[in-house]
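Counting the sequence shown from 1 gives a position; our numbering is that position plus 14.
Step one of this worksheet: look at the structure below.
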Amino acid sequence: MGAWYSTWDRRRTSSRPDLAGGQQPPISHQDIDQYPLPVRRAVFGNVGTLVAFGIDHSDAEVLERKRFRTFPAAALADLGRHEAVMKLSEDGTNWEPFRAEMLAPMENRVGRKEKLGANSRERFATPRATVETGTG
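Pasting the structure below:
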């Protein structure tokens, strides 16, 4: 096992549900087989909320057995663009998995960086002269 596994395992075992509002570190990957078996067991044994986007058939079979029993592997593997299957855990309650449609990427993204920066400066920034003179 690599150093990344030891680091992940230490973080997982040292995570305490009473810290940070009960939040646990998110884990994302492209293929379930990327993780060693002990990590896979730990993840599927302790996962709360799970979101699956387009996945291959081998991962779909695993997720069908472990988490998405109401969705056959074929349905998980055939998710369309902007579709996902979600299993939510909220306040200790596990909800039935459901299919969700995500928002498509925003159109006309040209120039958005400059516009967002200008809006952010307008709302939250202190004028440079105020900062440099310390009169703010």
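Beta carbons: idealized from backbone N, C-alpha and C, even for Gly.
Between which two residues does the beta strand (DSSP E) holding residue i run?
i: Lys110; result: The sequence as given places Glu at residue 110; Lys does not occur at that position. Here Glu110 belongs to no beta strand (DSSP E), and DSSP marks it neither H nor E.
i: Ala66; result: Leu64 to Ala66
What whole-angstrom Cβ distance do residue i and residue j have, given they're in contact under 8 Å?
i: Ala98; j: Met116; result: 6 Å
i: Met100; j: Phe112; result: 6 Å
i: Ala132; j: His96; result: Contact flag wrong, Cβ pair sits at about 29 Å.
Locate the alpha helix (DSSP H) running through residue i, then write down its first and last residues.
i: Val53; result: Leu51 to Asn60
i: Ala89; result: Ala87 to Ala91
i: Arg79; result: His71 to Lys80
i: Thr144; result: Arg142 to Thr147
DSSP state of residue i, grouped into three classes?
i: Asn122; result: coil
i: Ala98; result: strand
Taking its Cβ as the centre, do 16 or more other Cβ atoms sit within 10 Å of residue i, making it buried, or is it exposed?
i: Phe82; result: buried
i: Asp73; result: buried
i: Glu78; result: buried
i: Leu130; result: exposed
i: Gly16; result: Note that Gly16 scores a pLDDT of 45, beneath 50, so its modelled location is shaky; the value from the coordinates is reported in the next line. The residue is exposed, with fewer than 16 neighbouring Cβ atoms inside 10 Å.
Determine whether the beta carbon atoms of residue i and residue j lie at a separation below 8 Å.
i: Arg54; j: Ile46; result: yes
i: Ala66; j: Leu51; result: no
i: Ser103; j: Gly68; result: no
Let me see if you follow: with CB-CB separation under 8 Å, is residue i close to chain B or not?
i: Pro50; result: Chain labels in this structure do not include chain B; a single protein chain is all it has.
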